[in-house]
Amino acid sequence: MDIVAKLEATRSRTLAYFELRDPLLGRTYGPGKWPVRFILHHLADAETVLFDRIRRVISEPRRVLWAFDQDAWARGLDYAGIPLDVSRRIYDAVRTGVVHQARQHYERSGHLEFVHSETGVRTLRDEFDKVVSHNERHLSQIEAALRES
Numbered sequence: 106m107d108i109v110a111k112l113e114a115t116r117s118r119t120l121a122y123f124e125l126r127d128p129l130l131g132r133t134y135g136p137g138k139w140p141v142r143f144i145l146h147h148l149a150d151a152e153t154v155l156f157d158r159i160r161r162v163i164s165e166p167r168r169v170l171w172a173f174d175q176d177a178w179a180r181g182l183d184y185a186g187i188p189l190d191v192s193r194r195i196y197d198a199v200r201t202g203v204v205h206q207a208r209q210h211y212e213r214s215g216h217l218e219f220v221h222s223e224t225g226v227r228t229l230r231d232e233f234d235k236v237v238s239h240n241e242r243h244l245s246q247i248e249a250a251l252r253e254s
């Protein structure tokens, strides 16, 4: 499956979960883990961070790009109080931008490099792949939470 198909498949699966209602949104996949609602907010925020990195690498390769503290974002942005529809709209719109850039740059510019503040030298292709793998990992967590009774 090519990158665009993977991006579109994870988008479709993720958007379906934004339609869940309480109490399903309050379920967690383990003690002390984020509830489904927080995971969805995090996916929207992470999508914006990863999209920013993608655009920066395309425009300004070889820069240092910083990691973000997901727990600080959850606290600071009040994941408990943000309307889920706001995050759904952000996620969907930004993923549309990621898909567009993947079509244009995954093959042609995938070799462009940047320096991640925690993991070192990475490529644009790595970052597109990370968008998919990050989303898939959190989809697995949501599915595990929903299996819990």
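106 is the number of the first residue of the sequence shown in our numbering; add one for each residue after it.
Here a beta-carbon is modelled for each residue, glycine too, at the ideal position from N, C-alpha and C.
Note that the coordinates shown come from a computational prediction; the quantities given were computed from them, not determined experimentally.
- Task: Output the boundary residues of the beta strand (DSSP E) element that contains residue 228.
- Result: 225–228
- In the region 177–223, which residue ranges form an unbroken alpha helix (DSSP H) of at least 4 residues, counting only runs that do not cross its ends? 189–210
- Item | Buried or exposed (CB count within 10 angstroms, at least 16 for buried), residue 127 | exposed
- Query: Are at least three pairs of beta-carbons, each pair with one atom in the region 111–124 and one in the region 232–242, less than 8 Å apart?
  - Reply: yes
- Presumed contact (8 Å Cβ cut-off) between residue 148 and residue 119, rounded CB distance: 6 Å
- Burial state of residue 140 (16 or more Cβ within 10 Å): buried
- Contact check, residue 178 vs residue 150 under 8 Å by CB: the rounded distance? 5 Å
- Message: Quick check: the Cα distance between residue 183 and residue 142, rounded to an integer number of angstroms?
- Response: 12 Å
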